[in-house]
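Residue numbers (UniProt numbering), protein chains in the order written: chain B, 1 to 438; chain R, 1 to 290; chain F, 1 to 279. Worksheet: the structure to be examined is printed underneath.
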Amino acid sequence: MKKSIRKCLVALLTCSMAVSLFVGCSKEKGGTAPDTESSNVNNTEETGKIVEISFPTSWVGVSTNTEWFNDRLAAFNEQYKDKYKVVVEEIAGDQAYVDKMKVLYSSNSLPDVISAGGYNLIDPMKDQLKDLTDYIDADWKAANSEVCWNVNSRDGKIYGIPYSRQVIGYFYNKDLFAKAGITEPAKTWDEFFVQCDKLLAAGITPVSMDTADSGWLTSLILGAMVASTDEGEQFMNTSLPSNYNTPEFINAAAMIQKMFQKYTTSDAIGGKYENGASNFFMEQTAIIANGPWMVSDFYDTAMVEEGFADKIGTAMFPEGVMYNSGKIGFHIASKTEDKLNASLDFVRFLTSKESQQKMLEMTGDIPSDVTVTSDTIYPIINEVIENGNNAARNINDFQSLWYANVVDEISIQYPLLAQGEITPEKFAAALTKAAEKN
Amino acid sequence: MRVKKSMMLCFLLPCILLFALIYLIPMGIVFITSFYDWRAGGVFHFVGLDNYMEAFINDTRMHQALKNTGIWALLQSIVHVGIGTITAFLLARKRRGWKVLRTIFMIPNVISAAALGVIFLNVFNSKYGLINSFIGGITGKDFSKNWYFDQNTAFLTVTWSWLLYAGLVMILILAGVMSVSDDIIEAAKIDGASGFKIDLKIRLPLVRNILGTCVIISATSMLREFELIYLTTNGGPGITTLNLPLYLYKTSLTDNNYGYANMMGVLLIILGIFVVFTINKLFRMNESDY
Amino acid sequence: MKNKGIVVAFQNLIRWIYLAFFVLISIGPLIWIVMSSFKSNKEILSSAFAMPGSFNFSGYKAALDLAPIFKFYGNSLFIGFVSTTLNIIVVSMAAYILARCCFKGKTILTLLLSSSLLIPTSSLLMPIYIIMTKIGLYDSKTGLIIVYAALGLPASLFIIKSYFQSIPVELEEAAYLDGAGFIRTYFTIVFPIAKSGLATAAILQFLTAWNEFMFALILTKSTNARTLPLALNYFTSQFSFNYTAMFAALAMVIIPSILIYTLLQEQITDSMVAGSIKG
């Protein structure tokens, strides 16, 4: 009995091996490359060769852009089906995406089109990215706001094509504010802290913060604090700063330290974005700093209670500070002229007015083209855009400005800062040291 | 035993080829480039021993990473292997349910590190984590300790995520113990030896080779451990839980300093060869039992 | 006599506590994953250890919608099985020679082969990527199979070699005296005897291939060659997450591997009970 089972298993294994080898071989021989070649032969006479370009994307799974991207890709393939073929590689997870690009970069085999969703790949990779300055005509240039081109350029050369603006303030819970007797968002940081005390007195944890990954929620507040003076505003518009030992920065770090110790949840230290967001969704905190892409979650009952969105107000950071900048867009690294043109057409399509409008409607991402608007979006998003237009100080976010290792360092140093293991001065010094490594 | 040279080569060759393709050539590349200043943006030039000098003289992170890696490797080869061995001997008595237990103890080894990371973050969460709720429940007071991100507890909490999960060592030793011939055990029993004595004096020495293997696998796994730290503390707070592989990963993929990262790769290989060599000698592993 | 009874009872108690503790920490994570897969995002992130409010399979449905799980499943199974077979055959042959024969350079070769046990995979990513591209195995199952077979090489080598060393050499010598050739002796006598060792190594190898993430990410680009661990990333991105679906996917990843493990485990036991060593 037992013997027979064993024999079966052995036979099964042998079979699976044989089959696998066979399949493996046949796949190698009849693989994709020759296949497409042969199908192209028929088309060559009428339509010319179909140019194939590669585009890895992290817009898959739960990413807020998934639906938009699938829609646009289908539309592009339909419109250009005789000319181009886009080979999409799905890379789930932003960090996994960046890691893979770095490996491809170091072996000089970047794909044709890249979009890292806000991560700065320009500085570490610009020797392999195409300088797109000559391919962008005046119309294209005029269609997008100036700030968007700025973040995508280095030394006057354009390395990226923008598709969205980053407009970030903070969201607050009106109900909780009312409970604490607060009528409107703070105008200065002093007032902000007074409000925090009021919230605490009413038994409400004031702010959602985090430290993991890049400490996104925390770092947004940190940046806004830095930017409350002219020097600070300039600092938050400087690409790749290497000195963090400035009074503005140290001052802001001291305030963040205070916030960690008094005004946030106990799981903020070491927490991820998810933890901070969930605390805000559960109405356990009153304030969260983030961009409008979060708004659709306010209506998602898997995340929040019914009617949550009606309680949400939007605000500028104290001193009229708003993140209002371009987001790093699409890069092109094609190696041949054919592919370069195909890539440009693909990117042009994805950043067209129509595409940007769809993006606004489907994801809440704010278009880089200021003329694009839509009536069918959540009112909260419009409020955020409005705040962006009225801000006294406009700054860029740390993730696109700072060196990648500084962003990594900051999330490692936050817990130490929070627990009083290091002073704000030492915190600034640690970031400076990380920046100097580059 | 005498075997024809050509036959020996035949049997060794596939393994050597596989090794050469995936390890030897890449290791060669890593070794050579460890003498270069190689960064993103096209920097690539020979700097001799500069990377090594920097690591040993100035780089405090490197020192911390080396220290942590060493402590973890030591803990793993003693505590982890110890737990696995004890469990294996307990199960080898074949009391009721031992087969089920054997399967259960392997479960954590079956679950991918990515999943374990998420689980541990929740277990040790300061706000709603299992441990804090448990302590709070017993003492009746609100207990809030941020296990992973408190300087005093971070190291031990990270260690927890692998130290106690000795399922692998357990099955290796168990398989070894059970293949000890019954005749020897019967003989010992007739001589009046107790169960514990048989375990200690007869079975343990007989699984010496496998025990050595377990120590090597456990110690060297700590020279590669990366995911569980990366997914929980990411080396923090500060550099409290930084180890060599994590530092290597960061240097290469975040700092884009490939030359320096490859220098660490070389250090790890040297460290590992040293470990394997020592344990081999310690357990006299090259000798056959019969 | 009475004293002895107390001592035995005490020993049993200690043993019981010891085993119960390890059962708890081993099985706890698994139960938690399965439980979480029935909870909503709200419930997971606020009261991680409470029972789910209701049992429904929406998380599983969402997981299957969001990621090509079944496709990856097939790939993972296939790559796991083939790389395991390749690894065990290739490595056991070498291990046999290293365990039984004496030749010049044996120590060096053993050390060299085992050095691969120590290398953090991240340091070899780039070179391996380059090699795989050059020999045309990038984005193919074959490429991943070869890499995985090699990744498990040192662990398998150690395990199998130490098993060979604990098997008496007499049986093989008897076979030679009967006039059997080397290869035949190896496959008909040695291989069956070392079965339990080989099976242990095979399980490990399979799990290595089943759970590996970094190489799968870097060495593949199409869903045709991608494996299951890559699916888990579909459920969290920088600003959005679906924990319910993620845990549902996790449950779908883990439970089959536990089943496979349990079944193979039985296989080992059988072979041991059959008492191969006694011949």
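We put the beta carbon where it would ideally sit given N, CA and C, even for glycine.
If residue i and residue j are in contact, beta carbons under 8 Å, what's the gap, nearest whole angstrom?
i	j	result
TYR170 of chain B	ALA315 of chain B	5 Å
LEU350 of chain B	ARG165 of chain B	Their Cβ separation, rounded to whole angstroms, is 15 Å, which puts LEU350 of chain B and ARG165 of chain B out of contact at 8 Å.
ILE328 of chain B	GLY118 of chain B	6 Å
VAL207 of chain R	GLY167 of chain R	Actually they are not in contact, since the Cβ atoms of VAL207 of chain R and GLY167 of chain R sit about 17 Å apart, beyond 8 Å.
ALA261 of chain R	PRO124 of chain B	14 Å between Cβ atoms; not a contact.
PHE213 of chain F	PRO229 of chain F	4 Å
ASN132 of chain R	LYS145 of chain R	6 Å
TRP37 of chain R	VAL43 of chain R	Before going further, note that residue 37 of chain R is Asp rather than Trp in the sequence given. Indeed they touch by this definition, with Cβ atoms about 6 Å apart.
VAL107 of chain B	PHE398 of chain B	The displayed chain sequence assigns Ser, not Val, to residue 107 of chain B. Contact doesn't hold; Cβ gap of about 29 Å is too wide.
Kindly indicate the opening and closing residues of the alpha helix (DSSP H) around residue i.
i	result
PHE35 of chain R	It is not in any alpha helix (DSSP H) - PHE35 of chain R carries neither H nor E in the DSSP assignment.
ALA202 of chain F	195-211
LYS106 of chain F	106-115
residue 442 of chain B	Nothing about residue 442 of chain B can be read from this structure; chain B reaches only from 1 to 438.
ASN75 of chain F	69-100
ILE119 of chain R	113-123
ASN275 of chain B	273-281
GLU337 of chain B	337-350
GLU421 of chain B	Note, GLU421 of chain B: premise wrong, no alpha helix (DSSP H); not H, not E.
GLY388 of chain B	379-390
Cβ of residue i within 7 Å of any heavy atom in the ligand MN?
i	result
ALA219 of chain R	Absence of the ligand MN from the depicted structure is noted, as is the absence of any ligand whatsoever, leaving it without description.
Would you decide whether residue i is buried or exposed? Buried here means 16 or more other CB atoms lie within 10 Å of its CB.
i	result
THR139 of chain R	exposed
LYS127 of chain R	buried
PHE283 of chain R	buried
LEU157 of chain F	buried
PRO247 of chain B	exposed
MET197 of chain B	Looking at the sequence shown, residue 197 of chain B is not Met but Asp. With fewer than 16 Cβ atoms within 10 Å of its Cβ, ASP197 of chain B is classed as exposed.
PRO34 of chain B	Residue placement at PRO34 of chain B is flagged as unreliable, the pLDDT there being 39, under the threshold of 50; a coordinate-derived value is accordingly withheld.
MET225 of chain B	buried
ARG93 of chain R	exposed
ILE17 of chain F	exposed
residue 284 of chain F	Beyond the ends of chain F as shown, which are 1 and 279, falls residue 284 of chain F; an answer cannot be given.
GLY5 of chain F	exposed
GLY235 of chain R	buried
LYS29 of chain B	A caution first: LYS29 of chain B carries a pLDDT of 37, below 50, which makes its placement in the model unreliable, though a value can still be read off. Its Cβ having fewer than 16 others within 10 Å, LYS29 of chain B is exposed.
For the beta strand (DSSP E) that contains residue i, what are its first and last residues?
i	result
VAL151 of chain B	First-last for VAL151 of chain B: 146-151, but that is the alpha helix (DSSP H), not the beta strand (DSSP E).
LYS85 of chain B	84-90
GLY326 of chain B	321-326
TYR172 of chain B	164-173
SER219 of chain B	Counting along the chain, SER219 of chain B falls outside any beta strand (DSSP E), though it belongs to the alpha helix (DSSP H) covering 216-226.
HIS45 of chain R	43-46
Legend entry - contact_flag[the stretch 223-231 of chain B, the stretch 404-416 of chain B] where n(CB pairs < 8 Å) is 3 or more: no
Inset, instruction - Give the residues from the stretch 231-248 of chain R that approach chain B closer than 7 Å (Cβ to any Cβ), ordered along the chain. - result: ASN234, GLY235, GLY236, PRO237, GLY238
Legend entry - Positions along the stretch 5-32 of chain F whose CB lies within less than 7 Å of some CB in chain R: ARG15, LEU19, PHE22, VAL23, ILE25, SER26, ILE27, PRO29, LEU30, TRP32
Legend entry - Where the stretch 235-256 of chain F meets chain B: residues whose CB sits under 9 Å from a CB there: For chain B, the residues of the stretch 235-256 of chain F that bring a beta carbon within less than 9 Å of one of its beta carbons are PHE235, THR236, SER237, GLN238, PHE239, SER240, PHE241, ASN242, TYR243, THR244, ALA245, MET246, in chain order.
Inset, instruction - For the stretch 77-84 of chain F and the stretch 196-206 of chain F, state whether three or more C-beta atom pairs, one from each stretch, are separated by less than 8 Å. - result: yes
Inset, instruction - Flag this pair as touching only if the stretch 301-313 of chain B and the stretch 245-264 of chain B have three or more C-beta atom pairs under 8 Å; answer yes or no. - result: no
Legend entry - Residues from the stretch 117-131 of chain F in contact with chain B, defined by Cβ distance under 8 Å: LEU125, MET126, TYR129, ILE130
Legend entry - Segment contact flag, the stretch 203-213 of chain B with the stretch 296-305 of chain B, C-beta cutoff 8 Å, min 3 pairs: Judged by Cβ distances under 8 Å, the stretch 203-213 of chain B makes no contact with the stretch 296-305 of chain B, as fewer than three pairs qualify.
Inset, instruction - Evaluate the contact criterion for the stretch 131-151 of chain F versus the stretch 191-199 of chain F: three or more CB pairs, one atom per stretch, below 8 Å. - result: Proximity of the stretch 131-151 of chain F to the stretch 191-199 of chain F falls short of the contact definition, fewer than three beta-carbon pairs being nearer than 8 Å.
Inset, instruction - For the stretch 136-167 of chain R, enumerate the residues whose C-beta is nearer than 8 Å to any C-beta of chain B, in chain order. - result: For the stretch 136-167 of chain R, which is checked against every Cβ of chain B, the residues closer than 8 Å are SER144, ASN146, TYR148, PHE149, ASP150, GLN151.
Inset, instruction - Mind the definition here: the stretch 358-375 of chain B touches the stretch 278-286 of chain B only if three or more C-beta pairs lie below 8 Å; say whether that holds. - result: no
Legend entry - Inter-stretch contact at 8 Å, needing at least 3 Cβ pairs: the stretch 172-184 of chain B / the stretch 145-163 of chain B: no
Legend entry - Short-range partners of chain R found in the stretch 55-85 of chain F, where Cβ spacing is below 9 Å: Listed in sequence order: no entries.
Legend entry - Interface positions of the stretch 86-107 of chain R facing chain C (Cβ-Cβ less than 8 Å), listed along the chain: The structure shown has no chain C; the protein chains it does contain are B, R and F.
Inset, instruction - Determine, using beta-carbon pairs with one atom in the stretch 59-73 of chain F and one in the stretch 418-429 of chain B, whether at least three such pairs fall under 8 Å. - result: no
Legend entry - Residues of the stretch 93-108 of chain F with Cβ closer than 9 Å to any Cβ of chain R, in chain order: MET93, ALA94, ALA95, TYR96, ILE97, LEU98, ALA99, ARG100, CYS101, CYS102, PHE103, LYS106, THR107
Inset, instruction - Using a Cβ-Cβ cut-off of less than 9 Å, list which residues of the stretch 140-169 of chain F approach chain R; keep chain order. - result: ILE146, VAL147, ALA149, ALA150, LEU151, LEU153, PRO154, ALA155, LEU157, PHE158, ILE159, LYS161, SER162, TYR163, PHE164, GLN165, SER166, ILE167, PRO168, VAL169
Inset, instruction - Indicate whether the contact test is met: 3 or more Cβ pairs, each with one atom in the stretch 80-99 of chain B and one in the stretch 220-236 of chain F, closer than 8 Å. - result: yes
Legend entry - Positions along the stretch 138-166 of chain B whose CB lies within less than 9 Å of some CB in chain R: none
Legend entry - Residues from the stretch 32-63 of chain R in contact with chain F, defined by Cβ distance under 7 Å: Shown here is that no member of the stretch 32-63 of chain R has a Cβ falling below 7 Å from a Cβ of chain F.
Legend entry - Three CB pairs or more closer than 8 Å across the stretch 92-105 of chain F and the stretch 2-21 of chain R: yes
Inset, instruction - Pull out every residue of the stretch 214-235 of chain F whose Cβ sits closer than 9 Å to any Cβ of chain R, in chain order. - result: MET214, LEU228, PRO229, LEU232, ASN233
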